Amino acid sequence: MGAVRLAAIATALLFAAIAAYLAANSLPLRICPGEVPAAVDLRNAAQLEYGADRLPDDGGTLVTGCLAALAEEGVVVLASGTRQVAADAFLAATHIVIVESGQLLDGIDDLWPVLRQGPLPRSLHLIRGPSRTADLGVPSRLGAHGPLRVHVILVEPAYVECADPGDT
862 MGAVRLAAIA TALLFAAIAA YLAANSLPLR ICPGEVPAAV DLRNAAQLEY
912 GADRLPDDGG TLVTGCLAAL AEEGVVVLAS GTRQVAADAF LAATHIVIVE
962 SGQLLDGIDD LWPVLRQGPL PRSLHLIRGP SRTADLGVPS RLGAHGPLRV
1012 HVILVEPAYV ECADPGDT
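Offset between the sequence shown (1-based) and the working numbering: plus 861.
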């Protein structure tokens, strides 16, 4: 708990990888979908229970895609959109981010051309890991201003064989 986890898998193993991560962290197999890549239909995830379109009061698990991931900075970039409520990224207790291999950029300098390809989003969020806060003399606390857990799944359609999703 408390660190970003990264798993690289084939698209076909995505739902199993999400279920394995939730089970390994003793979390319910119920997800709230955000805006995900077009190739991903979370409603077809037999292993997972599809929740409402809004997060539950306890924060729940949010599954989203992203605009990009920046390797040099170690961040995922979320942009507000027609189906992506920016606040959800801060309200979820667990945030699972799906990154398609083509979205992986070297660094922030490579992000600006991507942003210029269309209208600018209302908001842009660079997420480096779980939210944490601490006052002087007080231990660091996770989840104060955002998720307790962030799990990034790098989806590589070209992968044919890969590790067991339970290893992610």
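A virtual CB, placed ideally from N, CA and C, is assigned to each residue, including glycine.
Model, not experiment: these values are computed from the prediction.
Would the C-beta of residue i count as close to the ligand NAD, meaning under 7 Å from any of its heavy atoms?
{"i": "GLY895", "result": "Judged by which ligands are present, the structure shown has none, so any question about the ligand NAD falls away."}
Please name the residue in the options whose C-alpha comes closest to that of residue i.
{"i": "PRO898", "options": "GLY926, ALA871, SER992, VAL1011", "result": "GLY926"}
{"i": "GLY1007", "options": "ASP996, GLY990, VAL1013", "result": "GLY990"}
{"i": "GLU934", "options": "ALA871, ASP967, ALA907, VAL1016", "result": "ASP967"}
Let me confirm a value: residue i is counted as buried when at least 16 other C-beta atoms fall within 10 Å, else exposed. Which label applies?
{"i": "GLY998", "result": "exposed"}
{"i": "THR994", "result": "exposed"}
{"i": "GLU896", "result": "buried"}
{"i": "ALA950", "result": "buried"}
{"i": "LEU981", "result": "exposed"}
Roughly how many angstroms separate the alpha carbons of residue i and residue j, rounded to a whole number?
{"i": "GLY963", "j": "LEU928", "result": "10 Å"}
{"i": "ALA953", "j": "TYR882", "result": "16 Å"}
{"i": "ILE1014", "j": "SER887", "result": "18 Å"}
{"i": "GLU961", "j": "LEU875", "result": "11 Å"}
{"i": "ILE892", "j": "PRO1000", "result": "30 Å"}
Is residue i helix, strand or coil by DSSP?
{"i": "VAL901", "result": "coil"}
{"i": "LEU981", "result": "coil"}
{"i": "LEU1009", "result": "coil"}
Quick check for students: name the residue ranges of the alpha helix (DSSP H) that lie wholly in the stretch 870-954, counting only runs of 4 or more. 875-885, 949-952
Let me know the alpha helix (DSSP H) ranges lying completely inside the stretch 957-1004, each 4 residues or longer, listed in chain order. 972-976
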